[in-house]
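Respectively, the protein sequence lines represent chains A and B. Okay, so the first sequence: first residue is 1 according to the working numbering, each after it adds one. Okay, so the second sequence: first residue is 1001 according to the working numbering, each after it adds one.
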Amino acid sequence: MAQVSLRKVIKKYDEVLAVRGVDLDIADKEFIVLVGPSGCGKSTTLRMIAGLEEISGGDIAIGGDVVNDVPPKDRDIAMVFQNYALYPHMNVYENMSFGLKLKKTPKQVIDQRVRTAAGILDITELLDRKPKQLSGGQRQRVAMGRAIVRDPKVFLFDEPLSNLDAKLRVQMRTEIKKVHQKVRTTTVYVTHDQVEAMTLADRVVVMNAGLIEQVGTPNDLYHSPATKFVAGFIGSPAMNFIPCQLEQAAGALRVRLNDKLAFPVPEGRSSRYSAYAGKPSLVLGLRPEHIAETRPHTEPNQHDFEQMIEVVEPMGMETLVYFTINGAEVCGRVNPNAGATAERPMKLRADLSNMHLIDDTTGKVI
Amino acid sequence: MANAAIATAGAPTRPARYGSISQSRRWALRWSYFFLTLFAIFFLMPPFYMLVTALKSKEEIAAITNPWWVYSPTLSNFIELLTQNQYLIFFRNSALVSICVVVVTMLISVIAAFSLARMKFWGSAALATGVFLTYLIPDTLLFIPLFKMMTFVRETTGIELVNHWWTLCIIYPTLTVPFCTWIMIGYFASIPKELDEAALIDGATWMQTLTKIFIPVALPGIIAATIFCFTVSWAQFLYPLAFTTSTTELVLPVGIVTTLIKGDVFNWGQIMAGALLGAAPPLIIYAFLMDYYIAGLTAGATKG
């Protein structure tokens, strides 16, 4: 039993509020990822759970007990750091067994646990090596092994993959997921990489400026973002935001992007949106994959339009096209064979069934 | 040097097999060898002169011969020094004082540096600066107030602190602790913060973090500080001159000067022999610990 709960947690550095009242409940065995841009308070939140930072207000509970004033060693947590933080003068075995030795665990138990963890992480043959003889990926495994042997209530990961090169990062991401499937322990994972967040998490917590923007499953966040920030942060390439107006024409709602371009709002959404008709500072949010090349047959809510393409970026399995509507740069994902050419007009198709309407004054998705 | 310069300048048609980088590197090397040789000669001259004089007999020193050469080498200076004089007592006193000072200093400064560098507490930054400022006050200004303090202790408690070799074990750390603490603060500060956080999470107390993580990782720094501390206490002249007077309480530098110079009679042969023998311990320590001095133990702690 190791739920973690945060109640109105605040962190103040002198006069600066780094974390401004975070409420979060993490279930037992859940894999939670805190994600957000740098300076959003995600690492601070993690360090407060670890006990490395004192909290300025609120409560943190691990397994039902409030741990506000409990030192890190008594919180029964294990942490993996971005720069691994392996003890350079100890070999891998000593690194992994250090915590258990301090707890005066019997030698056989230590040995058995270290070997089991080494087996899980596939580092048995590295046990005699010093950290400087290991590659980045191996060091990261050892850092994870050091956490696993302690058999803690909660695993804390602080951007563990940020120091690895791109290829290794993808590999280790899968590795972490596998380890979590084998060793089901409540995990809090901090990253600024939304791809890591999406792929690893049971639930993702998007943070911005010291506050939680939204908590939800990766699919929830992707398909139903609550705010413009979440909509823009999750997904790559990012969601397009185009300033627009909502107009009532002939009994139907239309999203007007500029003089020439206006799309009818999908039927199911009219009632939700109608109150915003004629109001200023609305933004249409549409993901790049919902702007594609035109096709012969039309589905409901799909609308063709023609635009001058400005930049073409071939990615292999798809091609990204960029153009401007109403002063906003818009990205679309088209078939590589669709013949997209820079500085030539192209017939495109917008799929409005996945559109989002954002009130730019509040930043909320309507 | 000049020949080489002319040779290079006179061969502009040489095939451009070597890049200009290796060209300039070669020149840089030549200059560095030139200056290194110059400095080596400059700094090795006095010890060489010491050695030459120590091997001469009294008569040869007094005679007008080539001062840079020994015509009839003899070990008589060394033998007389080691058998007739109190030289061995001075040597023992120096050794005891230096070892005590090193132990006391390292105990204080490692712990002080650790707390100042890592355990952020109110006023720790001001204290760290204070420690450094203490070091900036020269010892020539400090020995009078220190002497006053010693006499004050005698007047109030009756404990005689002046004229004992062990008093120096209390006085030298006023010089060595600030500097060693400063070196160690710098060294500890270079150890990644995650390392002590990891230890903290692993369940280590502050003291365990210091003994099991910081001291082993900062060993090169600790050895550097130890060497410095030993050298300072071994070579200290002013404090023992002021605080000790009896021949049984003297340390080497003062002992040599006070017993081998009688009025205006300088026993040069023995002075040089004594100084030469006295310079040996620091030399041996440097020779053995030089590798540690340079070794970078932190490699591999974090991203490499």
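By construction, the Cβ of each residue, glycine as well, lies at the ideal position given by its N, Cα and C atoms. Since this is a predicted model, take the numbers as computed values, not measurements.
Excluding five sequence positions before and after residue 1182 of chain B, the CB atoms of its chain that fall closer than 7 Å to its own CB belong to 1131, 1132, 1135, given in chain order. Neighbours of residue 77 of chain A in chain B, taken as residues at a C-beta separation under 8 Å, are given in chain order as 1201. Listed by position along chain A, the residues whose Cβ is nearer than 9 Å to that of residue 1204 of chain B are 73, 98, 99, 102.
Residue pairing by DSSP places residue 1261 of chain B opposite B:1266 in a beta bridge. The three-state reading of DSSP puts residue 297 of chain A in coil, since its state is none of H, G, I, E or B.
Separation of the CB atoms of residue 285 of chain A and residue 241 of chain A is rounded to 6 Å, and the pair is thereby assigned contact status at 8 Å.
In the three-state reduction of the DSSP assignment, residue 1272 of chain B falls in the helix class, which pools H, G and I. In terms of CA proximity to residue 297 of chain A, A:349 leads the group A:8, A:349, A:235, A:257. Contact with chain B is found for residue 83 of chain A, since one of that chain's Cβ atoms lies less than 7 Å from the residue's Cβ. Contact between the stretch 105-125 of chain A and the stretch 54-66 of chain A is absent: fewer than three C-beta pairs spanning the two stretches fall below 8 Å. Every alpha helix (DSSP H) of 4 residues or more that sits fully in the stretch 17-52 of chain A is shown, in chain order, as 42-50. The beta-carbon of residue 87 of chain A is placed less than 7 Å from the nearest beta-carbon of chain B.
In this structure residue 36 of chain A is in contact with residue 42 of chain A, their Cβ atoms being roughly 5 Å apart against a cut-off of 8 Å. With a 10 Å radius around the Cβ and a threshold of 16 neighbouring Cβ atoms, residue 1190 of chain B comes out exposed. For residue 332 of chain A, the closest alpha carbon among the candidates A:256, A:299, A:237, A:280 is that of A:237.
Less than 7 Å divides the Cβ of residue 312 of chain A from the Cβ of residue 342 of chain A.
Around residue 161 of chain A, no beta-carbon contact reaches into chain B at under 9 Å, the shortest distance being about 12 Å.
Counting every other CB atom within 10 Å of its CB across the protein chains shown gives residue 1033 of chain B a total below 16, marking it as exposed. Of the residues assessed, residue 1234 of chain B falls on the buried side of the cut-off, its CB having 16 or more other CB atoms within 10 angstroms.
The stretch 201-212 of chain A and the stretch 65-73 of chain A do not touch, with fewer than three beta-carbon pairs separated by less than 8 Å.
Here residue 95 of chain A is not near residue 128 of chain A, since their CB atoms are 7 Å or more apart. Using a CB distance cut-off of 7 Å, residue 52 of chain A counts as an interface residue toward chain B. In this structure, residue 1081 of chain B lies away from residue 1280 of chain B, with their beta-carbon atoms at least 7 Å apart.
The Cβ atoms of residue 1117 of chain B and residue 1228 of chain B do not sit closer than 7 Å to each other. Within 10 angstroms of the beta-carbon of residue 14 of chain A lie fewer than 16 other beta-carbons, which makes it exposed. Secondary structure within the stretch 265-324 of chain A: the beta strand (DSSP E) runs of 3 or more consecutive residues, fully enclosed, are 282-286, 291-293, 302-308, 311-314 (chain order). The beta strand (DSSP E) runs of length 3 or more contained entirely in the stretch 137-202 of chain A are, from start to end of the chain, 154-158, 186-191. Boundaries of the alpha helix (DSSP H) harbouring residue 1184 of chain B: 1173-1189, taken from the DSSP string.
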